[in-house]
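A.B. asks: Taking numbering that gives the first Met the number 0, I'd label the letters of the sequence shown as residues 0 to 332.
All residues carry an ideal CB built from backbone N, CA and C; glycine is no exception.
Predicted model, so just to flag it, every value in this text is computed and none were measured.
Have a look at this one before I ask anything.
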Amino acid sequence: MIINLRISYLEAVKETNFIHILALITTFLLLLGMAYLSQSFDVSFDGFPVFAVIFLGGVIATWFSTENKMRYGVYYGVIVAAVYGFFYNIFFTLLIFNLVIGGMGGAIAKNEKNTIKKLLNNTFRGKYKSFFINLYKRNKRVLIASLIIFFVSVLIGSVGTYLSSLFNQYMTNSMGNYVLLVESTLRLSAIHIFMNNSSVAFYMYIYGILFGITGTIEMAYIGISLGFVFVKFPFTPFYLLPHCIFELSSYIIAVAAGFKLSITALNIIWNGLHIKRDDSIGKQVNSILSANYLKFRDSLTLFIIAIILLFIAAIIEAHVSLALGNYITGQNL
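And the structure:
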C-alpha cells in the first residue's frame, strides 16, 4: 500500500515537472520571439503581449495535467517569477503579477476545456449568437457605465474649450502640436500601433481590479482630448474616424471589462472574509472561486473582444486613415 502511494506520488511529481517544463519552454520561446521582433521592428513588447504569454503558459500547465487543477497555473506563475527573479533580481515584483496571470490561465483551462474542444471541433456552431447576446445582457451595466464616462468626457473636452481659457491653454500645452502628432502616428506600421494601443487596453483591464479607477481616468483623458481636438481642429475627425470606430469601441469595452474584473475581485474578497473555520477551507475557497468564475470569464471575454477590435483598428489606421483623410480634406499630411 505504502509502495503504491509512493509510486503514485512520484508519477504525479514527474507529470507536474513535465507540464511546467513544457509551459516554461513555450513561454521562453514566445518571449525570445518577441525579443527578436522587438529588435527587428523597433517596437516595445510589454503589457499585453507579456500578459498573453504568461496566461498561455498557465493554460498549458493546467490543460495537459491529468488532474486539470487551476493550481497548476498558479505554480507555473511562481516558477516563471522565480526564473525572472534569478536573472533580473525582481522576483517579488513579478510574483503577484505572474501568480495572478498564471492562475487566470489555469482557471480558463480548468473550466473551459470542453468548450474549447467543441470550438476547435467546430461543434459550437449555432451558439455564437446566443453567447454574445447573453454576454451583453450580463454586462450591460458596466458597458453602459463605460460608455457614459466616454461621452461625458468628450462633452467636457468640447464645451470646456469654449468656457474656460485656462482649460484651453492647459490642453494646448499638454497636447503640443496635435496635427504633427496625428501625422506621425498615422505613419506608423500596424504592429507598432497595435502594440501601443493593446498595452493601453491591457492596463485599463488589469488595473480595473483597483475599483476601475485607472481605466476611468484613462478613458476620461481620451474622451476629453477628443472633445478638445474636434473643436480646435475640425478636419481631424476625417483622419481619426475610420479607425477610431473600432479603437474607441475597444477602449470602452476594455474599461467595462476592468469594472467586471473589479466586481469579481471584490466578491471573492468579501466571500473570503466570511469563510467558516469549522468547515474545509479548501472546499470553501473552491466554492467561492466557482461562484465567481462566470464574472471572471465575462471580464476576460470582453477584454479579448477589445483586443480583436484593436487589431482591426491598427490595420485600418496604418493603411487607410491617412489616405482617406487626405482625400476628403484635400490636404497632404
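Could you tell me whether the Cβ atoms of PHE234 and THR328 are closer together than 8 Å?
C.D. replies: Yes, they are a contact pair.
A.B. asks: Taking contact to mean 3 or more Cβ pairs, one atom from each stretch, closer than 8 Å, check whether the segment 142 to 160 and the segment 218 to 228 are in contact.
C.D. replies: Yes, since at least three Cβ pairs between the segment 142 to 160 and the segment 218 to 228 fall closer than 8 Å, the two stretches touch.
A.B. asks: Would you mind giving the Cβ-Cβ distance between GLU246 and ALA312, rounded to the nearest angstrom? I have them listed as a contact below 8 Å.
C.D. replies: At roughly 4 Å, the Cβ-Cβ gap stays under 8 Å, so GLU246 and ALA312 are in contact.
A.B. asks: Quick test of your reading: GLY102 and VAL58, contact by CB under 8 Å. State the CB separation rounded to the nearest angstrom.
C.D. replies: About 11 Å; that fails the 8 Å criterion.
A.B. asks: Under 8 Å, do LEU98 and VAL82 count as touching if we go by C-beta distance?
C.D. replies: Taking 8 Å as the Cβ cut-off, LEU98 and VAL82 do not qualify as a contacting pair.
A.B. asks: Work out the CA separation of VAL52 and ARG137 for me, nearest whole Å.
C.D. replies: Taking the straight line from one Cα to the other gives about 28 Å.
A.B. asks: Whose C-alpha, out of PHE85, LEU31, ASN167, ALA108, is nearest the C-alpha of PHE63?
C.D. replies: Comparing Cα-Cα distances from PHE63 to each of PHE85, LEU31, ASN167, ALA108, the minimum goes to ALA108.
A.B. asks: Are there 16 or more other CB atoms within 10 angstroms of the CB of LYS259, so buried, or fewer, so exposed?
C.D. replies: Label assigned to LYS259: buried.
A.B. asks: Going by beta-carbon coordinates alone, are PHE302 and TYR204 separated by less than 8 Å?
C.D. replies: It is a contact, given that the beta carbons lie within the stated cut-off.
A.B. asks: Are VAL319 and PRO236 closer than 8 Å when you measure CB to CB?
C.D. replies: No.
A.B. asks: At which residues does the alpha helix (DSSP H) containing ILE192 begin and terminate?
C.D. replies: Note, ILE192: alpha helix (DSSP H), 189 to 205.
A.B. asks: GLU66 by DSSP, collapsed to three states: which one?
C.D. replies: DSSP places GLU66 in coil when its eight states are reduced to three.
A.B. asks: For the segment 248 to 256 against the segment 292 to 301, are there 3 or more C-beta pairs whose distance is under 8 Å?
C.D. replies: With a cut-off of 8 Å, the segment 292 to 301 and the segment 248 to 256 count as touching, because enough Cβ pairs lie within range.
A.B. asks: If you count every other CB in all the chains shown that lies within 10 Å of the CB of ALA11, and 16 or more means buried, which is it?
C.D. replies: Annotation note: pLDDT 48 at ALA11 (below 50); position unreliable, coordinate value reported separately. Exposed, because fewer than 16 other Cβ atoms sit within 10 Å of the Cβ of ALA11.
A.B. asks: So, is GLU66 buried or exposed, given that buried needs 16 or more other C-beta atoms within 10 angstroms?
C.D. replies: Counting Cβ neighbours within 10 Å, GLU66 comes out exposed, since fewer than 16 surround it.
A.B. asks: Please say whether VAL79 and LEU23 have beta carbons closer to each other than 8 Å?
C.D. replies: Going by C-beta atoms, LEU23 is nearer than 8 Å to VAL79.
A.B. asks: At the level of alpha carbons, what is the spacing between PHE54 and PHE150?
C.D. replies: Cα-Cα distance, rounded: 33 Å.
A.B. asks: Applying the 10 Å Cβ sphere with the 16-neighbour rule, what's the burial state of TYR75?
C.D. replies: TYR75 should be labelled buried.
A.B. asks: Tell me whether GLY56 is buried or exposed, calling it buried when 16 or more other Cβ atoms sit within 10 Å of its Cβ.
C.D. replies: The residue in question, GLY56, is buried, as its Cβ has 16 or more Cβ neighbours within 10 Å.
A.B. asks: Pull up the CB-CB distance for GLY211 and GLY257, whole angstroms please, since I reckon it's below 8 Å.
C.D. replies: That pair is a contact at about 5 Å.
A.B. asks: Can you tell which of ARG296, ALA322, PHE227, ALA305 has its C-alpha closest to the C-alpha of THR114?
C.D. replies: Measuring from the Cα of THR114, the nearest candidate turns out to be ARG296.
A.B. asks: Going by Cα to Cα distance, which pick from SER163, LEU293, ILE287 is closest to GLU111?
C.D. replies: Here the closest residue by C-alpha is LEU293.
A.B. asks: Going by DSSP, what residue range makes up the alpha helix (DSSP H) through GLY46?
C.D. replies: Element bounds for GLY46: n/a, residue is neither H nor E.
A.B. asks: Check for me: the alpha helix (DSSP H) holding LEU209 runs from which residue to which?
C.D. replies: Here LEU209 belongs to no alpha helix (DSSP H), and DSSP marks it neither H nor E.
A.B. asks: Just how far apart, CA to CA, sit ILE306 and PHE193?
C.D. replies: Rounded to the nearest angstrom, the two C-alpha atoms are 9 Å apart.
A.B. asks: Would you give the residue range spanned by the alpha helix (DSSP H) that HIS242 belongs to?
C.D. replies: Run containing HIS242: 236 to 271, per the alpha helix (DSSP H) assignment.
A.B. asks: If you follow the alpha helix (DSSP H) that ASP278 is part of, which residue opens it and which one closes it?
C.D. replies: Here ASP278 belongs to no alpha helix (DSSP H), and DSSP marks it neither H nor E.
A.B. asks: Counting only the same chain and skipping the five closest in sequence on each side, list residues whose C-beta sits under 6 Å from that of PHE166.
C.D. replies: The answer, listed in chain order, is GLY159.
A.B. asks: Between the Cα of ALA322 and those of LEU239, ILE143, ILE287, HIS273, spot the shortest distance and give me the residue it belongs to.
C.D. replies: For ALA322, the nearest C-alpha among the options comes from LEU239.
A.B. asks: Going by beta carbon distance, what residues of the same chain come within less than 7 Å of GLY271, once the five residues before and after it are set aside?
C.D. replies: Excluding residues within five positions, the ones whose Cβ falls inside 7 Å are ILE287.
A.B. asks: Report yes if the CB atom of ALA317 is closer than 8 Å to the CB atom of SER198, and no otherwise.
C.D. replies: It is not a contact, given that the beta carbons lie outside the stated cut-off.
A.B. asks: Can you name, in chain order, every residue of its own chain whose Cβ lies under 6 Å from the Cβ of ILE18, other than the five neighbours on each side?
C.D. replies: Correct list, in chain order: ALA60, PHE63, SER64.
A.B. asks: Here's the rule: buried if 16 or more other CB atoms are within 10 angstroms of the residue's CB, otherwise exposed. What is PHE249?
C.D. replies: In the sequence under discussion, the amino acid at residue 249 is Ser, which differs from the Phe named in the question. Burial call: buried.
A.B. asks: So the alpha helix (DSSP H) PHE130 belongs to, where does it begin and stop?
C.D. replies: Taken as a continuous stretch (DSSP letters only), the alpha helix (DSSP H) holding PHE130 covers 127 to 137.
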